[in-house]
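Going by mature numbering (1 follows the signal peptide of the UniProt record, and there is no 0), the letters in the sequence shown line up with residues -25 to -1, 1 to 263, in that order.
From the three backbone atoms N, C-alpha and C, an ideal C-beta is built for every residue, glycine too.
These numbers come from a predicted model, not from an experiment.
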Amino acid sequence: MKQISKRILTVSALAMAVAAPHVSAANWSDTFVGYRYGSNFTEPYNDSKIKKNVLGLTHASGYDYGQNFFNVDLLQSNSQDPANGDDKGEGDGAFEAYVTYRHQLHLGKVFDADMSFGPVKEVALTAGFDANTKNTEFAPRKQMLVVGPTLKFDVPKGFVDFSVLYAHERNHSNSGTPLVSKDVTFNDYTIYNLTWGVPFDLGAVPMKFQGFGNWATPKGQGTTDERLVRTSLMVDVGQLAFNKDNTFWLGVGYEYWRNKFGNDVKSFPNGDKGLDTDAFTVNAEWHF
């Protein structure tokens, strides 16, 4: 297992190193500040519905041999998801930062070969990482590396990608009574990932349907499979109001999460206690 994890680290580092020299020579790029709000979020070990304000910064760019994706979300909960030390739930709630980076190396471009077949136009190698921290009593600090193949589908506009990612994850927690601080390294596992961003016109209204879905296999330590879908339907308000396309978008979103963080309902004798989320959101994006 240790040798496999070392190979993940090596391949991930190589893919990121290949991307580095080309960042300044991007053929295209898109950067935006995003915001979403919902009042029906959940957290494990918490039977309350939680309101969250989420501010995000996203950057995507492409160069001759691939593309990069970076996102950081800053999530502010209300008092129903208390910060560490707020035993009465009277404060502003917990704060979380979550960072995601992915790099795709397009193999057809690298080897100057036609990698298309059926509905697939290109095959890529994807590598990257996730990292987070949250100031709750549980005190998670996720560190995850991923690497695996990606099929890029041929769609008229936008993109649809399917990846099979090999994941190596460690995390930190305070758990037990009294609280015990510990680092946990999970068994390596697989994430089946679908991402999409498809623009379209509904009559005279320019819109886009975007999002991602993950299905993660169990990762030991008593976990089960985990399913997460986060999607949104957006209207290009900037194009309608100011004739400036892809500047300001408004829309609605939806988050579907089952067995959050891989927690198994069997470990919760009084019910799921926040393991499942069905949350509608209001979304906005400002592209610059």
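Meets three-Cβ-pair contact criterion under 8 Å: the region 124 to 139 and the region 169 to 184: yes
Nearest residue (CA-CA) to H262, options V8, G195 and Q185: On the sequence shown, position 287 is the one that residue 262 refers to. Cα-wise, what sits closest to H262 is V8.
Cβ neighbour criterion (16 or more within 10 Å) applied to W3: Position 28 of the sequence shown, counting from 1, holds the residue named residue 3. W3 is exposed by the Cβ-count criterion.
Beta-carbon spacing of G123, F161 below 9 Å: What you label residue 123 is simply residue 148 of the sequence shown in a count that begins at 1. What you label residue 161 is simply residue 186 of the sequence shown in a count that begins at 1. The answer is no: Cβ separation not under 9 Å.
Three or more C-beta pairs below 8 Å linking the region 8 to 25 and the region 51 to 69: Three or more Cβ pairs closer than 8 Å define a contact, and the region 8 to 25 meets that threshold against the region 51 to 69.
8 Å contact criterion, which V257 and Y12 should meet: CB distance rounded: Looking up residue 257 in the sequence shown gives position 282. Looking up residue 12 in the sequence shown gives position 37. Their Cβ separation, rounded to whole angstroms, is 5 Å, which keeps V257 and Y12 in contact under 8 Å.
Inside the region 92 to 146 only - beta strand (DSSP E) runs reaching at least 3 residues: 95 to 109 and 118 to 128
Contact the region 73 to 84 vs the region 34 to 45: 3+ CB pairs below 8 Å: yes
Among Q51, N28, N46 and W224, the one whose alpha carbon lies nearest that of E260: Within the sequence shown, the letter at position 285 stands for residue 260. It is W224 whose Cα lies nearest to the Cα of E260.
9 Å Cβ cutoff met for R233 and L250: Taking the sequence shown and counting its residues from 1, the one referred to as residue 233 is at position 258. Taking the sequence shown and counting its residues from 1, the one referred to as residue 250 is at position 275. For R233 and L250, yes; Cβs fall inside 9 Å.
Buried or exposed (CB count within 10 angstroms, at least 16 for buried), S(-2): Taking the sequence shown and counting its residues from 1, the one referred to as residue -2 is at position 24. Note that S(-2) has pLDDT 48, beneath the 50 cutoff, so the model's placement of it is unreliable and no number is given.
For G186, three-class secondary structure by DSSP: Residue numbering aside, residue 186 sits at position 211 when the sequence shown is read from its first letter. Note: G186 maps to strand in three-state DSSP.
Sequence-distant residues of the same chain with beta carbon closer than 7 Å to D247, five excluded per side: For the purposes of this step, residue 247 is taken as residue 272 along the sequence shown, with counting starting at 1. So the list reads V240, once near-sequence residues are dropped.
Euclidean distance between Cα positions of D176 and N107: Numbered from 1 along the sequence shown, position 201 holds the residue referred to as residue 176. Numbered from 1 along the sequence shown, position 132 holds the residue referred to as residue 107. Roughly 36 Å separates the two Cα atoms.
With 16 other Cβ atoms within 10 Å as the buried cut-off, status of T111: Walking along the sequence shown from the start, residue 111 turns up at place 136. T111 should be labelled buried.
Residues near G197 in its chain [Cβ-Cβ closer than 7 Å; skip 5 each side]: Within the sequence shown, numbered from 1, the residue matching residue 197 stands at position 222. Excluding positions up to five away in sequence, the list reads D239 and S242.
Per-residue DSSP class, three states only, for Q79: Stepping through the sequence shown from its first residue, residue 79 is reached at position 104. Three-state DSSP puts Q79 in a strand.
Residues of its chain near E97, where Cβ-Cβ distance is below 6 Å and the 5 sequence neighbours each way are ignored: Position 122 of the sequence shown holds residue 97. Excluding residues within five positions, the ones whose Cβ falls inside 6 Å are H81, G83, M90 and K127.
Exposure of E230, with buried meaning 16 or more beta-carbon neighbours within 10 Å: For the purposes of this step, residue 230 is taken as residue 255 along the sequence shown, with counting starting at 1. It is buried - the Cβ of E230 has at least 16 other Cβ atoms within 10 Å.
Reduced DSSP category for K241 - H, G, I as helix; E, B as strand; rest coil: For the purposes of this step, residue 241 is taken as residue 266 along the sequence shown, with counting starting at 1. In this structure, DSSP gives K241 a helical state, which the three-state scheme calls helix.
Rounded straight-line distance, which links the Cα of V212 to that of D22: Taking the sequence shown and counting its residues from 1, the one referred to as residue 22 is at position 47. Taking the sequence shown and counting its residues from 1, the one referred to as residue 212 is at position 237. Taking the straight line joining both Cα atoms gives about 37 Å.
Euclidean distance between Cα positions of T206 and V29: Residue mapping note: residue 206 aligns to position 231 of the sequence shown, counting from 1. Residue mapping note: residue 29 aligns to position 54 of the sequence shown, counting from 1. Near 14 Å, if we compare the C-alpha coordinates of V29 and T206.
Backbone CA spacing between G188 and R202 [nearest angstrom]: Here residue 188 corresponds to residue number 213 of the sequence shown, with the count starting at 1. Here residue 202 corresponds to residue number 227 of the sequence shown, with the count starting at 1. Spanning the two alpha carbons is a distance of roughly 8 Å.
Span separating the alpha-carbon of A35 from that of N46: Reading the sequence shown from its first residue, position 60 is the one you call residue 35. Reading the sequence shown from its first residue, position 71 is the one you call residue 46. Those two C-alpha atoms are separated by around 9 Å.
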